[in-house]
Every structure is written in structure tokens, then in C-alpha cells.
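Numbering of the sequence shown is given in my numbering, commencing with residue 49 and proceeding in unit increments.
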Amino acid sequence: MRIIRLSARDMTEAVRRLKQELGPEAVILSTRKLPEGGVELTAALEPEQDEGPCSPGAGLGELEQRIDALARRLEGQLAVAEALEGFALRPEVGPVWAALRAQELSPVVIYRLLEGLSGQGLWARVLIRLRKMLKIHPGPTPQGQGPVVWALVGPTGVGKTTTIAKLAARLGLSLGVRVGMVSVDAYRIAAAEQLVTYGRIMEIPTLTASSPAEYADVMQRMSDRDVVLVDTVGRSPADPRGITELKQILQAWPGTTCHLVIACPTREADQRRIAEAFGILSPHSLIFTKLDETAVFGPIINRVVETGLGVSFVTTGQRVPEDLEEADAGTLARLMLPTRGQQAVAAAGSW
Ligand SMILES: Nc1nc2c(ncn2[C@@H]2O[C@H](COP(=O)(O)OP(=O)(O)O)[C@@H](O)[C@H]2O)c(=O)[nH]1
Ligand SMILES: [Mg+2]
């Protein structure tokens, strides 16, 4: 039996609060007037009616079921909240909201894109806002005093090595920039071979390092270069220790700037985890790869908004050096419009 005692201004309020707290089954044991004014009420409840979801009586299976049910309810409520947000805007905004959601732009971003908009020409105005939101970061350009150092970091298999080869070819072979390449790899020296091979084919000096001291030494030897591109062995975002180790190596040359490589087809929640995990390397820009492998581009702007970083490059295929582009806000913004949005903008003449 559970006993509770509560005081209130008068009896009506005391009974209302008792029902609220213990439900209709509570039994009033006694009441008394308090000397300082108001009443005090003592009530009791039988234990079986008192059992909360986590009481020792509930079996594990039952608990799991209750948690599942709760999770489902929460998910449902979130979906409703999301929809309400959309409809709270103007009705003509609904289809635009839905189309942007299909591109997996986050509700927060969509809300910012559509806030205050109504009437005709919605897509054209959304395009303008998207373009403004899409921050762009310039690529590596020679500064004259010592090399500009770009280290590409990110999970395995996203295209870091390939992107470095494309960049090196673009800068070194087409623009005549003195390029050097460094492969940083604390464990698997074999992974450096891919870059060394590219270096040999393009006749670009390529060195490897697997400790802070080696990295500092190697960078010293690159001091006559305009741009040094640093390849890193991928780290799983689930392995913060590996990322910290990488940070220790890259810190040995303070001029190193990190640039986070994310594969565009990676799902939204995983991309967010990746950006968080690699955040300890304080990246300066974002590079999105494999744009050719997906038709969903919203996560690009989600990352820009969440991280506050600009996009420097995007890659659109496996060919070295062709499939690399400097990021452009207009082009990226248009990618995020669905076909009918693009048609609407084109028809309005504001393409
Ligand atoms: N479709 C497509 N494949 C790419 C692109 N960039 C890289 N790849 C491929 O992705 C795979 C892994 O690339 P790699 O550079 O070794 O990734 P790393 O582990 O991050 O260095 C290779 O097969 C590349 O050819 C791209 O933009 N599009
Ligand atoms: Mg690699």
C-alpha cells in the first residue's frame, strides 16, 4: 500500500490533485484543516494499481513491448509534427515541401527555405535561397610563401585517393602548379602504393609518412612545392582513437588544413555521424564524392548548414582526372530541385 499526503487551498483542489496523481482508485484515509490555512489530505493506493512501467513485477518481454510501443508512438508524433510544420505554411507550399523532403533536405533547412514564401514563382525563390545557403570554399591556390597543404580525411572507400589524384593532375598537369603528394598511413603501408603509383605516372613527387616525426620530415622535404595534397588512410567514424591518432600526425605540420570527404550516396544519419566524428580534425571544407551514384542531393546542404563549412569540390565518376568539379552554388542548388521544380523555374524564365 502506498500512502500519500498532500496539502491544498481547499478540499476541491485537494481531491482534484489526488485524482491527478494517484487516479480514481485512491482511497482517502483522513483530512484535516491546517492551522496556517488550507487542508491536508492523506490517501492510500493498493500496490497493484500503483505499478509503473518499470516496476519489478513487469517481465523483460513485457518491458520490451512497452518500449517498442512507446517508440512507435514517438515516431508517429514526430511524423505528424513534421507534416504540421509543412501545412502551417501556405497550402501551395505543400507540394514544394514534399518535393524537397524527397531530396532529403532536413525539415529545418526546408523550413528556412520556405519561411514567409507564398504565391507564384515559389521554385525560383527557393532556388535563390538555396544558392545563398550553399557556402562554397575555394580550392587550393598557391600562396607564394611555402606550400598550401590540403589533407583529405574521411571514412574508407569514399574516394579520397582518387580525388587527390584528380586534383594533382588538374593542378600539376593542367595549371602548371608545383604539386607534391604525401600518403599518411599509421598502419597499412600497402595503402600508400595506390598514391605512389599515381605519383609515378604523373611524375609528381610522392612520399609516405606513418608518424608525427616522419610527417614533419616529409613536409620539410616538400617545402619547394606550391601545393601538397595529403592522402590519409580512412578511419571509421566509430573509431575515435584512429581519428585522434591521425590528428596527432597531421598536427606535426601546423600548416596542414583538413578537408572532409563524404560520399554523397551515404545515408543522412551516417553522414551526420561522420561529420561529427571527423569534427575533431577541424575540417576547413567539405568534398562530396560519387554524385553520379545518387539522385538525392539534399544531404549536401544539410551538412553545409549543420557544419557551417563550405563545399570545395564534388566528384562525379571514377575517371582520373576528368570527374572532378570545383563546387558551384548555382549548379548544386539546381541539383536539389526535383525535375518539376526545375521545369517551373525554367518556365518562369529565371533559370
Ligand atoms: N562512381 C564513383 N566512384 C568513385 C568516385 N570517386 C571515387 N570512386 C571510386 O570509389 C572507390 C574507392 O576510391 P578510393 O579513392 O580508393 O577511396 P579511399 O579509400 O577514400 O581512398 C574506387 O573504386 C574509386 O574509383 C566518384 O566520384 N564516383
Ligand atoms: Mg585511399
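Note that CB positions come from ideal geometry on N, CA and C, so glycine has one too.
Predicted model only: the values in this text are computed from it and were never measured.
When the five nearest sequence neighbours on each side are left out, the beta carbons in the same chain lying within less than 6 Å of the beta carbon of serine 333 are those of His185, His307, Leu357, Gly358 and Ser360, in order along the chain. No residue range can be given for aspartate 274, since it is assigned to no alpha helix (DSSP H) and is classified by DSSP as neither H nor E.
Cβ-Cβ distances below 7 Å link valine 157 to Ile349, Asn350 and Val353 in the same chain, with the five nearest sequence neighbours on each side left out; the list follows chain order.
Residue environment: serine 166 is assigned as exposed (fewer than 16 neighbouring CB atoms within 10 Å of its CB, all protein chains considered). In this structure, leucine 162 sits away from methionine 384, with a CB-CB distance that is not shorter than 8 Å. Around alanine 325, the same chain offers Pro285, Pro288 and Ile291 as residues with beta carbons nearer than 7 Å, after the five sequence neighbours per side are excluded. Taking 7 Å as the cut-off, one finds at least one heavy atom of ligand 1 near enough to the beta carbon of aspartate 371.
For leucine 77, the closest C-alpha among the options Leu93, Arg320 and Ala240 is that of Leu93.
A check of alpha carbon separations from alanine 395 across Gly164, Leu170 and Arg226 identifies Leu170 as the nearest. Contact annotation: valine 227 and glycine 220 have beta-carbon atoms nearer than 8 Å.
The continuous beta strand (DSSP E) containing leucine 334 extends over residues 333-337. Residues of the same chain with their beta carbon placed closer than 7 Å to that of threonine 245 are lacking, with the five preceding and five following residues left out of the count. Straight through space, the alpha carbons of glutamate 140 and alanine 56 are spaced by roughly 52 Å. Comparing alpha-carbon positions, the option among Pro347, Leu108 and Thr60 lying closest to glycine 86 turns out to be Thr60. Glutamine 151 is classed as buried because its beta carbon has at least 16 other beta carbons within 10 Å across all chains shown. Taking 8 Å as the cut-off, the beta carbon of threonine 280 is found closer than this to the beta carbon of valine 201. Short note on threonine 379: C-beta not closer than 7 Å to any heavy atom of ligand 1.
Leucine 277 places its beta carbon 8 Å or farther from that of isoleucine 335. The Cβ-Cβ distance between glutamine 242 and threonine 204 does not fall below 8 Å. Rounded to whole angstroms, the separation of the alpha carbons of alanine 343 and leucine 178 is 17 Å. Burial check for proline 83: the Cβ neighbour count within 10 Å stays below 16, so the residue is exposed. If only uninterrupted beta strand (DSSP E) runs of at least 3 residues are considered, those enclosed by the region 221-262 are 227-232 and 254-257. A residue is called buried when at least 16 other Cβ atoms come within 10 angstroms of its Cβ; isoleucine 328 does not meet this threshold and is exposed. Only exposed fits threonine 379, as fewer than 16 other CB atoms lie within 10 angstroms of its CB. Secondary-structure assignment with DSSP links histidine 185 through no beta bridge to anything.
For threonine 209, the Cβ falls inside the 7 Å cut-off from some heavy atom of ligand 2.
Around the beta carbon of proline 347, 16 or more other beta carbons sit within 10 angstroms, so the residue counts as buried. Judged by the Cβ position, threonine 363 qualifies as a neighbour of ligand 1 at the 7 Å threshold, a heavy atom of the ligand being closer than this. Rounded to the nearest whole angstrom, the C-alpha separation of alanine 257 and alanine 119 is 48 Å. In the assembly as shown, proline 331 is a buried residue. Its beta-carbon has 16 or more other beta-carbons within 10 Å.
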